[in-house]
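Counting in the numbering used here, the sequence shown runs from 349 upward without gaps. C-beta atoms are modelled at their ideal positions from N, C-alpha and C, and glycine is treated no differently. Note that the structure is predicted; figures quoted are calculated from it, not measured. Comments concern the structure below.
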Amino acid sequence: MLFNPTGLNECLQEWEDLEKDYQQVQETHRLYKQKLEEVSKLQDSCSSSIARQRKKIKDLNESLAVVNPEDVNKIDEIQDSIKERSNVFFEMEAFLPKKNEFAYKDEYEKFKLYLTVLLLLFSFTCRFLVTYRVLDALFNFLLVWYYCTLTIRESILINNGSKIKGWWVFQHYVSTFLSGVMLTWPDGELYQMFRNQFLSYSMYINFVQFLQYYYQSGCLYRLRALGERHNMDLTVEGFQSWMWRGLTFLLPFLFLGHFFQLYNGITLFQMTQLPEWKEWQVLMCGSTFLVLFMGNFFTTLGVVYHKYMDQDKAKAL
Numbered sequence: 349m350l351f352n353p354t355g356l357n358e359c360l361q362e363w364e365d366l367e368k369d370y371q372q373v374q375e376t377h378r379l380y381k382q383k384l385e386e387v388s389k390l391q392d393s394c395s396s397s398i399a400r401q402r403k404k405i406k407d408l409n410e411s412l413a414v415v416n417p418e419d420v421n422k423i424d425e426i427q428d429s430i431k432e433r434s435n436v437f438f439e440m441e442a443f444l445p446k447k448n449e450f451a452y453k454d455e456y457e458k459f460k461l462y463l464t465v466l467l468l469l470f471s472f473t474c475r476f477l478v479t480y481r482v483l484d485a486l487f488n489f490l491l492v493w494y495y496c497t498l499t500i501r502e503s504i505l506i507n508n509g510s511k512i513k514g515w516w517v518f519q520h521y522v523s524t525f526l527s528g529v530m531l532t533w534p535d536g537e538l539y540q541m542f543r544n545q546f547l548s549y550s551m552y553i554n555f556v557q558f559l560q561y562y563y564q565s566g567c568l569y570r571l572r573a574l575g576e577r578h579n580m581d582l583t584v585e586g587f588q589s590w591m592w593r594g595l596t597f598l599l600p601f602l603f604l605g606h607f608f609q610l611y612n613g614i615t616l617f618q619m620t621q622l623p624e625w626k627e628w629q630v631l632m633c634g635s636t637f638l639v640l641f642m643g644n645f646f647t648t649l650g651v652v653y654h655k656y657m658d659q660d661k662a663k664a665l
């Protein structure tokens, strides 16, 4: 391809102008970060001062309540000033930033990581080291609390701008229900038949969730740096389109977990054919495992299918 000398000179001149402008942008951004850091420090200092004042005023109020009311007028004057100051503090705080949603997101991610590791160790202990129904109940209670807490925190994060595919939120409600049913399943022959399989499943699922957190957090960090993902995006327990580059190796682990759920459902439905079957929890857990399998499997499959279709369209263009 031949270049027009005049056109090339214009392009070079445009590039030089862009370079100068780029340097100015960098300097402006540097100043912006510097000022932002100063403002952040002032905000922290102001918030700390207000909190300190409030604590001292509270202590003073408690002291005034027990002192000998020799000078009632003076005490009333101080208490009136305290009320007025509380209103001033309220107005001051209106200009301070609310709780940082990014910090809340980080707390959510840490909570998931710590509880995943704890549940992995707990299920390993119950599976191989200790066979005790009370410990099993404590494990299931921890699962109920964990999934309940996740659903509450995810609702807050979604309101703050996090994007989580509908099923990955709903499956936490299903998992809460499943854990609650497992918690109420009385000790008996059928419970003992399914116990080791359920604990093995829990170990595997928590191991996969740990893998997902480790690799998804790294992938999200890179994509945020490139401006391809939102700062409020979260790690999830399934597969989403943004994971296609670099995280497809997780798919076999995910599908194996889905089929483990199917296997659990089939096992429990087979138990309903046994003459020993009398607990309603067997049928309920079997149905719930099948719901989890279908939701997880078809959602993941849908993401993979749409990604392949997008690639075919891109090749066609």
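Spatial neighbours of I426 in its chain, beta-carbon cut-off 8 Å, leaving aside the 5 residues before and after:
Counted from its first residue, the sequence shown places residue 426 at position 78. Cβ neighbours of I426 beyond the five flanking positions: L408 and L412.
Assess contact between the region 547-562 and the region 618-628, defined as three or more Cβ pairs (one per stretch) separated by less than 8 Å. Is contact present?
no
Determine the DSSP secondary structure at E624, reduced to helix, strand or coil.
Translated into positions along the sequence shown, residue 624 becomes position 276. Here DSSP, grouped into helix, strand and coil, assigns E624 to coil.
Count Cβ pairs between the region 490-501 and the region 612-619 that sit closer than 8 Å; are there 3 or more?
no
So, under 8 Å CB-CB, L468 and L490 are touching, yes? Tell me the CB distance rounded to an integer number of Å.
In the sequence shown, counting from the first residue as 1, residue 468 sits at position 120. In the sequence shown, counting from the first residue as 1, residue 490 sits at position 142. No, L468 and L490 are not in contact; Cβ-Cβ is about 12 Å, not under 8 Å.
Thinking F646 and N612 are a contact (beta carbons under 8 Å), I'd like their distance in whole angstroms, please.
The residue you call residue 646 lines up with position 298 of the sequence shown. The residue you call residue 612 lines up with position 264 of the sequence shown. Going by Cβ atoms, the distance from F646 to N612 rounds to 17 Å, so no, they are not a contact pair.
Using the Cα positions of L598 and G536, report the straight-line distance between them to the nearest angstrom.
The sequence position of residue 598 within the sequence shown is 250, counting from 1. The sequence position of residue 536 within the sequence shown is 188, counting from 1. Each residue's alpha carbon lies about 37 Å from the other.
What would DSSP say about G536, mapped onto helix, strand or coil?
Residue numbering aside, residue 536 sits at position 188 when the sequence shown is read from its first letter. Residue state, collapsed to three classes: coil.
Would you mind stating whether F294 and L559 have Cβ atoms separated by less than 9 Å?
This structure leaves residue 294 out entirely; the chain is present only between 349 and 665.
Please determine, among K389, L461, Q371 and Q629, the residue with the shortest C-alpha to C-alpha distance to N554.
Position 206 of the sequence shown holds residue 554. Out of K389, L461, Q371 and Q629, L461 has the C-alpha closest to the C-alpha of N554.
Answer yes or no: do Q519 and L640 have a C-beta to C-beta separation smaller than 9 Å?
The residue given as residue 519 occupies position 171 in the sequence shown. The residue given as residue 640 occupies position 292 in the sequence shown. With contacts defined as CB atoms closer than 9 Å, Q519 and L640 qualify as a contacting pair.
As assigned by DSSP and simplified to three states, the class of V478:
Taking the first residue of the sequence shown as 1, we reach residue 478 at position 130. Reduced to three states, the DSSP call for V478 is coil.
With distances taken Cα to Cα, identify the nearest neighbour of N488 among L477, V478 and F470.
The residue given as residue 488 occupies position 140 in the sequence shown. The candidate whose alpha carbon is nearest that of N488 is F470.
Figure out for me which residue from Y562, R543, H654 and A399 has the closest Cα to the Cα of S434.
Position 86 of the sequence shown, counted from the start, is the residue given in the question as residue 434. Comparing alpha carbon positions, the residue from Y562, R543, H654 and A399 closest to S434 is A399.
Going by other Cβ atoms of all chains shown within 10 Å of its Cβ, with 16 needed for buried, is S397 buried or exposed?
As a position in the sequence shown, residue 397 is number 49, starting the count at 1. Result: exposed.
Rounded to the nearest angstrom, what separates Q609 and V482 at their Cα positions?
What you label residue 609 is simply residue 261 of the sequence shown in a count that begins at 1. What you label residue 482 is simply residue 134 of the sequence shown in a count that begins at 1. Approximately 24 Å between the Cα atoms of the pair.
In three-state terms, what does DSSP make of I512?
On the sequence shown, position 164 is the one that residue 512 refers to. Note: I512 maps to coil in three-state DSSP.
Can you give the Cα-Cα distance for D484 and V492, rounded to whole angstroms?
What you label residue 484 is simply residue 136 of the sequence shown in a count that begins at 1. What you label residue 492 is simply residue 144 of the sequence shown in a count that begins at 1. D484 and V492: Cα-Cα distance of roughly 13 Å.
Here's a check: name, in chain order, each residue in its chain whose Cβ is nearer than 6 Å to the Cβ of V436, leaving out the five neighbours to either side.
For the purposes of this step, residue 436 is taken as residue 88 along the sequence shown, with counting starting at 1. Closer than 6 Å at the Cβ level, and outside the excluded window around V436, lies no residue.
Would you kindly work out how many angstroms separate the C-alpha atoms of W533 and N644, rounded to a whole number?
Numbered from its first residue, the sequence shown carries residue 533 at position 185. Numbered from its first residue, the sequence shown carries residue 644 at position 296. Approximately 25 Å between the Cα atoms of the pair.
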